[in-house]
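> For the protein sequence lines, the chains are A and B, in the order given.
Just so you know, we're using our numbering here: the first sequence kicks off at 1 and counts up by one.
Just so you know, we're using our numbering here: the second sequence kicks off at 164 and counts up by one.
Using N, Cα and C, we set each Cβ at its ideal position, and we do this for glycine too.
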Amino acid sequence: MPRAWKYGDNVDTDVIIPARYLTTSDETELAEHALEDLDPTFAAEVMKGDVVIAGDNFGCGSSREHAPLALRGAGVSAVVARSFARIFFRNAINTGLTILVCPEAVDAIESGAEIRVDPATGTIEDLTGGRSFRSEPLPDSVRDIVDAGGLVPWVRNRMAVTR
Amino acid sequence: MGQTITEKILARHSGKDDARAGDIVMCKVDLAMANDVTAPPAIKAFSKMGTERVWDRSKVALVASHFVPAKDIASARLMTHMRKFALEQDIEHFFEVGRGGIEHVLLPEEGLVAPGDVIIGADSHSCTYGALGCFSTGVGSTDLAAVLAMGEIWLRVPHSMKIVYDGVPAPWIVGKDMILAVIAQIGDDGASYMAMEHVGEALAHLSMDSRLTLSNMAIEAGAKSGIVTPDAVTTAYVRERQAVMGRPRDFEVPVSDADAEYESEVRLDTSSMEPMVARPSLPSRSVPVSEIGRVRVDQVFIGSCTNAKIEDLRIAAYVLGDEKLAKNIRLMVTPATQRVWQQANAEGLLDRFAAAGASVSTPTCGACLGAHMGVLGPGEVCVSTSNRNYVGRMGDRTAEVYLTNPAVAMATAVAGELVHPEEIRAAPPLRQGALVA
Chain A
1 MPRAWKYGDN VDTDVIIPAR YLTTSDETEL AEHALEDLDP TFAAEVMKGD VVIAGDNFGC
61 GSSREHAPLA LRGAGVSAVV ARSFARIFFR NAINTGLTIL VCPEAVDAIE SGAEIRVDPA
121 TGTIEDLTGG RSFRSEPLPD SVRDIVDAGG LVPWVRNRMA VTR
Chain B
164 MGQTITEKIL ARHSGKDDAR AGDIVMCKVD LAMANDVTAP PAIKAFSKMG TERVWDRSKV
224 ALVASHFVPA KDIASARLMT HMRKFALEQD IEHFFEVGRG GIEHVLLPEE GLVAPGDVII
284 GADSHSCTYG ALGCFSTGVG STDLAAVLAM GEIWLRVPHS MKIVYDGVPA PWIVGKDMIL
344 AVIAQIGDDG ASYMAMEHVG EALAHLSMDS RLTLSNMAIE AGAKSGIVTP DAVTTAYVRE
404 RQAVMGRPRD FEVPVSDADA EYESEVRLDT SSMEPMVARP SLPSRSVPVS EIGRVRVDQV
464 FIGSCTNAKI EDLRIAAYVL GDEKLAKNIR LMVTPATQRV WQQANAEGLL DRFAAAGASV
524 STPTCGACLG AHMGVLGPGE VCVSTSNRNY VGRMGDRTAE VYLTNPAVAM ATAVAGELVH
584 PEEIRAAPPL RQGALVA
């Protein structure tokens, strides 16, 4: 069962993936160093499907798309936060990393809790705590990109129509 | 109800008479930028978007800035990837190593930025260009690829935060101190998703170099953009750069309506300010330099898109005078662009830094992001004129970074510990442009 990895506010993209590793954009290579400067145990111990829980302003700082790629490569199935920094928010949507805004879940869920996330409905189940939460829905324009499968297919569809 | 400058620019670029905060618009882009780190993933995404050519080769800038001159073989590969694309696509504004520098100082210098423009850059500090009265923001590589394909981008029109700078700035106070003070007041996400609109009488006393710094750190408050209302300083700067570069282009000068709506307002009295220092490990942990106490320092870095312009190097040289650097300090001076390097060289500044015992290098983002040319080791302390002091930003995760203006940085390099520049030298007599003597 996927587990929660809980962190605080202002988890910046420099700690999600330090610049010294930006010489590649291969997500498997990036994954080896995911969150290295914040939690040196994370990359080695994270399991496929695990969920990152964080406070306000997750993903602040650099525009590096390598940040959502590193988390996705590490097997992270979703990030649940009180709020996201805007460039990280766009990058996650564009590259297909599930991100959910849900302050109540962030407050309630403990690190290590067993957790289940349904991206389609935005439901976050805390199996350890025995509670369930619903995240804030995405705006329609953003939902369109998610439904298209990310920004690349969204642009491809749009280019095909306008041609 | 009137419109903000940001609403007006985004309306005009999305074919609407009116755009309001919260609206989602498809917006035409005047300039799209990527660098050696963000361009390669953008090029990969672009190749899957169903088009062969970029939408307009004259509206794309590709800049070698981050890992250049190539720090290792993998970085050389990134540059090869970007260079190949630039040549294949015949990109008009491709800046090779030695012919450009850090994009956020370079593009205004090149006359490629004008008031009223919409600029999208694959680098978070792309908010810098707002200093010239345009809308500009940072995005990731896939967003940038979409702009390369379509020439457009979807944007939510941001709410605006009005930041009013009162008074005539006190001695030593430059754009860096003002923006650090604002971030200390509102927090690291205090302007999340917003446009930071900088206004007030103090701005008339700020050079374009200092305004660029003010707008540069909008992202450190979580903002989407920063913008300074264009005035005589802006128009003169843009006209001059366009003329020098042979790129004349008409531009409108948008202003916010008197009854425009703001999400919030912040005021700062610049006449009573002291230079600011951001303590590790967040920009919001800024305090006046006199409150900082004793800080042992190992390295001083005068560089980055934030503070390595000619004004910054002049004030640093002024503080240095004929002194030598403290024995315990190593100083890295990295001019922001090739043109800044040449100007500083012509004025004898680089030689003064070198004579004092500094390492003076070619333009690169380098040390600012812990890439190369000044990476910090475990437990080391750096005073830096850059924009971020996050954990691990400049090197080892146990290293600590204090952010300051260039005068404080140089004073620290001379004194051997973090000090007010006044302890080394009397304040310069000039305001506008800090030290245009």
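On a Cα-Cα basis, can you pick out the residue from G363/B, K339/B and V401/B that is closest to P419/B?
On the second sequence, residue 419/B is found 256 positions in, with the first residue counted as 1. The sequence shown places Ser at residue 419/B, not Pro. With distances taken between Cα atoms, S419/B lies closest to G363/B.
> For G511/B, which of helix, strand or coil comes out of DSSP?
Here residue 511/B corresponds to residue number 348 of the second sequence, with the count starting at 1. In this structure, G511/B counts as coil in the three-state DSSP scheme.
> Measure the Cβ-Cβ separation of A395/B and G389/B and say whether it is below 8 Å.
For this step, residue 395/B is matched to residue 232 along the second sequence. For this step, residue 389/B is matched to residue 226 along the second sequence. No, they are not a contact pair.
> Considering Cα atoms alone, identify which of G284/B, G579/B and A471/B is closest to G301/B.
Reading the second sequence from its first residue, position 138 is the one you call residue 301/B. Closest by alpha carbon: G284/B.
> Identify every run of the alpha helix (DSSP H) within the stretch 167 to 201 of chain B, keeping only runs that are complete inside it and at least 4 residues long; order them along the chain.
For the stretch 167 to 201 of chain B, whole alpha helix (DSSP H) runs of length 4 or above, ordered along the chain, are 168 to 176.
> Specify the secondary structure class of K325/B as computed by DSSP and reduced to three states.
Start at 1 with the first residue of the second sequence, and residue 325/B comes out as number 162. Correct three-state label for K325/B: strand.
> Any residues in the stretch 211 to 231 of chain B with a beta carbon nearer than 9 Å to a beta carbon of chain A? Which ones, in chain order?
Here the close residues are K211, M212, G213, T214, H229 and F230.
> Starting from the C-beta of R448/B, find all residues in its chain whose C-beta is less than 7 Å away, skip the five residues before and the five after it, and write them out in chain order.
Numbered from its first residue, the second sequence carries residue 448/B at position 285. Excluding sequence neighbours, R448/B sits near A441 and R442.
> Please list, in chain order, the residues of the stretch 284 to 317 of chain B that have any C-beta partner in chain A closer than 7 Å.
Residues passing the 7 Å Cβ filter: A285, D286, S287, G301, V302, G303, S304, T305, D306, A309, A312, M313 and W317.
> Could you pull the start and end residues of the alpha helix (DSSP H) that P451/B belongs to?
For the purposes of this step, residue 451/B is taken as the residue at position 288 of the second sequence. P451/B -> not in any alpha helix (DSSP H); beta strand (DSSP E) instead, spanning S449 to P451.
> Should M47/A be flagged as near chain B, meaning a C-beta pair shorter than 8 Å?
Along the first sequence, one-based indexing puts residue 47/A at 47. With 8 Å as the cut-off, M47/A does not count as an interface residue toward chain B.
> Answer yes or no: does any C-beta atom of chain B fall closer than 8 Å to that of V161/A?
For this step, residue 161/A is matched to residue 161 along the first sequence. It does not: the Cβ of V161/A has no partner Cβ on chain B nearer than 8 Å.
> Would you list, in chain order, the members of the stretch 380 to 391 of chain B that have their beta-carbon closer than 7 Å to a beta-carbon of chain A?
Hits within the stretch, in order: G385 and K387.
> Rounded to the nearest angstrom, how far is the Cβ of A249/B from that of L225/B, given a contact under 8 Å?
Counted from its first residue, the second sequence places residue 249/B at position 86. Counted from its first residue, the second sequence places residue 225/B at position 62. Yes, A249/B and L225/B are in contact; Cβ-Cβ is about 5 Å, under 8 Å.
> Give a yes or no on whether 8 Å exceeds the smallest Cβ distance from L18/A to chain B.
Within the first sequence, numbered from 1, the residue matching residue 18/A stands at position 18. At residue 18/A the sequence reads Pro, which differs from the Leu that was named. Yes, P18/A counts as interfacial toward chain B.
> Just mark Q405/B as buried or exposed, buried being the case when its beta carbon has 16 or more other beta carbons within 10 Å.
In the second sequence, residue 405/B corresponds to position 242, counting from 1. Q405/B comes out buried.
> Between which two residues does the beta strand (DSSP E) harbouring I124/A extend?
Your numbering for residue 124/A matches position 124 in the first sequence. Where I124/A is concerned, the enclosing beta strand (DSSP E) stretches over T123 to D126.
> Any Cβ of chain B within less than 8 Å of the Cβ of G79/A?
As a position in the first sequence, residue 79/A is number 79, starting the count at 1. Note that residue 79/A corresponds to Val in the displayed sequence, not to Gly. Answer no: the Cβ-Cβ gap between V79/A and chain B never drops below 8 Å.
> With burial defined as no fewer than 16 other Cβ atoms inside 10 Å of the residue's Cβ, what is the status of G484/B: buried or exposed?
The residue you call residue 484/B lines up with position 321 of the second sequence. The residue in question, G484/B, is exposed, as its Cβ has fewer than 16 Cβ neighbours within 10 Å.
> I need the DSSP call for A224/B, collapsed to helix, strand or coil.
As a working mapping, residue 224/B is identified with position 61 in the second sequence. DSSP places A224/B in strand when its eight states are reduced to three.
> Is V599/B helix, strand or coil when you go by DSSP?
Stepping through the second sequence from its first residue, residue 599/B is reached at position 436. Confidence at V599/B is low in this model, with a pLDDT of 40, below 50, so the placement of that residue should be treated as unreliable; the coordinate-derived value is given next. Note: V599/B maps to coil in three-state DSSP.
> From the DSSP secondary-structure annotation, give me the bridge partner or partners of E251/B.
Within the second sequence, residue 251/B is the residue found at index 88, counting from 1. In DSSP, E251/B forms no bridge with anything.
> Can you give me, in chain order, the residues of the stretch 338 to 363 of chain B that have a beta carbon less than 8 Å from any beta carbon in chain A?
Listed by position, the residues of the stretch 338 to 363 of chain B near chain A (Cβ gap below 8 Å) are D351, D352, S355 and Y356.
> Does DSSP put G301/B in a helix, in a strand, or in coil?
Numbered from its first residue, the second sequence carries residue 301/B at position 138. Three-state DSSP puts G301/B in a strand.
> Excluding five sequence neighbours on each side, which residues of the same chain lie with their C-beta closer than 7 Å to the C-beta of V523/B?
The residue labelled residue 523/B in the question sits at position 360 within the second sequence. Within the same chain, V523/B has close Cβ partners V496, L513, F516 and A517.
> Measure the beta-carbon distance from S135/A to V101/A and round it to whole angstroms, keeping in mind my assumption that it falls under 8 Å.
Sequence index remark: in the first sequence, residue 135/A carries index 135 (1-based). Sequence index remark: in the first sequence, residue 101/A carries index 101 (1-based). Right, the Cβ-Cβ distance comes to about 6 Å (below 8 Å), so this counts as a contact.
> At a Cβ cut of 9 Å, what residues of the stretch 55 to 74 of chain A count as close to chain B, listed as they run along the chain?
If the cut-off is 9 Å between Cβ atoms, the stretch 55 to 74 of chain A has D56, N57, C60, G61, S62, S63, R64, E65, H66, A67, P68 and L69 near chain B.
> Per DSSP, what kind of secondary structure is S547/B in: helix, strand or coil?
Looking up residue 547/B in the second sequence gives position 384. S547/B falls in the strand class under three-state DSSP.
> Is S135/A close to chain B, meaning its C-beta is less than 8 Å from at least one C-beta of that chain?
Taking the first sequence and counting its residues from 1, the one referred to as residue 135/A is at position 135. So no, S135/A is outside the interface.
> Output, in chain order, the set of chain A residues within a Cβ distance shorter than 8 Å of D235/B.
Taking the second sequence and counting its residues from 1, one reaches residue 235/B at position 72. Going along chain A in sequence order, the residues near D235/B (Cβ under 8 Å) are T23.
> Which whole runs of the alpha helix (DSSP H) in the stretch 255 to 297 of chain B are 4 residues long or more, in chain order?
Runs found: 266 to 272.
> Answer yes or no: does any C-beta atom of chain A fall closer than 8 Å to that of T167/B?
Translated into the one-based positions of the second sequence, residue 167/B becomes position 4. For T167/B, the answer is no, since every Cβ of chain A falls outside 8 Å of its Cβ.
> Which whole-angstrom value is the C-beta distance of S435/B and V331/B, which I expect to be below 8 Å?
The sequence position of residue 435/B within the second sequence is 272, counting from 1. The sequence position of residue 331/B within the second sequence is 168, counting from 1. No, S435/B and V331/B are not in contact; Cβ-Cβ is about 11 Å, not under 8 Å.
> Leaving out five residues on either side along the sequence, give the residues of the same chain with a beta carbon under 8 Å from the beta carbon of T201/B.
Locating residue 201/B in the second sequence gives position 38, where the first residue counts as 1. Closer than 8 Å at Cβ, skipping near neighbours: A285, D286, G303, S304 and L307.
> Should L598/B be labelled buried (16 or more other beta-carbon atoms within 10 Å of its own) or exposed?
Counting from one through the second sequence, the residue named residue 598/B turns up at place 435. In this predicted model, L598/B has a pLDDT of only 43, less than 50, meaning its place in the structure is not dependable enough to derive any value.
> Where does K211/B sit, in a helix, a strand or coil, going by DSSP?
Here residue 211/B is taken as the residue at index 48 of the second sequence, counted from 1. Of the three classes helix, strand and coil, the one that applies to K211/B here is coil, per DSSP.
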